[in-house]
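So the number in the numbering used here is just where the residue sits in the sequence shown, counting from 1, plus 1094. All residues carry an ideal CB built from backbone N, CA and C; glycine is no exception. Structure first, commentary second.
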Amino acid sequence: MMGIRIGNFSRRLAALGIATLLLAGCQNKSASLETDPMATASTAIAGPSFKKTEALSRRWKSDPKQVKVAIAYGNSLDELGQKPTQIEVLRTSVAQTRDDAVAQAELGRALLKAGDAEGASEALSRAAALNPRDAQALSVLGASLDQQTKHTEAREKYQAALAIAPDDVGVMNNLAMSYSLQGKLPEAESVLRKAAAHPNSKSTPRIRQNLALVVGLQGRFDEAKKIASEDLPPDQVEANMAYLQQMLASNNTWAKLKEG
């Protein structure tokens, strides 16, 4: 799961590959924006069976208005590597049930995962309009806006999601990453520290690694190393910090980051 903003700072981050780090995690550690029956045999073994997918296909085709069936069928297709077919199924479901917020939200998630951030925003905006209390739809909408470099709008969606679900550390993480990719590193650090300290957090290692990255981007490498060491083995911590320092040092990057 893993913003980008407005202005020179974000363009520098993107050009240097730091945006990719923030979205994908430092080297081998993941971070997130917290999303067809004709697949290969190897894929099918790891995911749902062809028989199950075919059964869902028959059920869905008998009545495309069954949103739960459409979603289940779409998920099976996705796991089989058939993302375009999944999207087509969800589009059909949305066309059959235009006022169903769940169908719109699922289409938005699928489009975002497929790399269509603009299409995702349209579907997720409709979902949020139909169900303004869906914190997850608002958060994913924020992620789609971040991918379009609309960071101020994205953070409005994250804040709206947190007003509904204040304990959702996934939303906090997305908010922090949005700040980071706009160059607002202290703000990102503050949000991540709150998320990492939350008693209900089930994503603490992921949050901590994002925190280590944000601290490292501010040049506090010893502190970043200490945070990262809570979850990663020493050799991986050293490799991550070396990689981050090398990026920041290349082409006078650290001076550029200070310029904003």
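Taking Arg-1185 as the centre and dropping the five residues before and after it, the same chain places the C-beta of Leu-1201 closer than 7 Å to its C-beta, in chain order. Taking 7 Å as the cut-off, the Cβ atoms of Ser-1272 and Ala-1248 count as close. Here DSSP, grouped into helix, strand and coil, assigns Glu-1324 to coil.
Residue burial annotation: Asp-1228 is buried, with at least 16 other C-beta atoms found within 10 angstroms of its C-beta. Under the DSSP assignment, His-1245 falls in the alpha helix (DSSP H) whose first and last residues are 1245–1258.
For Lys-1244, the closest alpha carbon among the candidates Ala-1254, Ala-1211, Leu-1256 and Ala-1259 is that of Ala-1211.
Its chain contains Leu-1279 as the residues whose beta carbon lies nearer than 6 Å to that of Gln-1312, once the 5 sequence neighbours on both sides are disregarded; these appear in chain order. The residues Ser-1233, Tyr-1252, Ala-1255 and Leu-1256, in chain order, have a CB closer than 6 Å to that of Val-1265 in the same chain once the five nearest residues on each side in sequence are set aside. Shown here, Thr-1147 sits in a helix according to DSSP, grouped into three states. When C-alpha distances from Leu-1206 are compared across Val-1309, Val-1163 and Gln-1242, the shortest belongs to Gln-1242. Per the C-alpha coordinates, the member of Asp-1240, Gly-1209, Ala-1237 and Leu-1218 positioned closest to Gln-1198 is Leu-1218. Annotation for Ala-1290: the continuous alpha helix (DSSP H) segment containing it runs 1279–1290. When rounded, the separation of the alpha-carbon atoms in Glu-1283 and Met-1335 is 17 Å. For Asp-1172, the number of other beta carbons within 10 angstroms of its own is at least 16, and it is reported as buried. Bounds of the alpha helix (DSSP H) holding Lys-1162 are 1161–1173. Contact annotation, Ala-1270 with Ser-1238: C-beta distance approximately 17 Å; criterion of less than 8 Å not satisfied.
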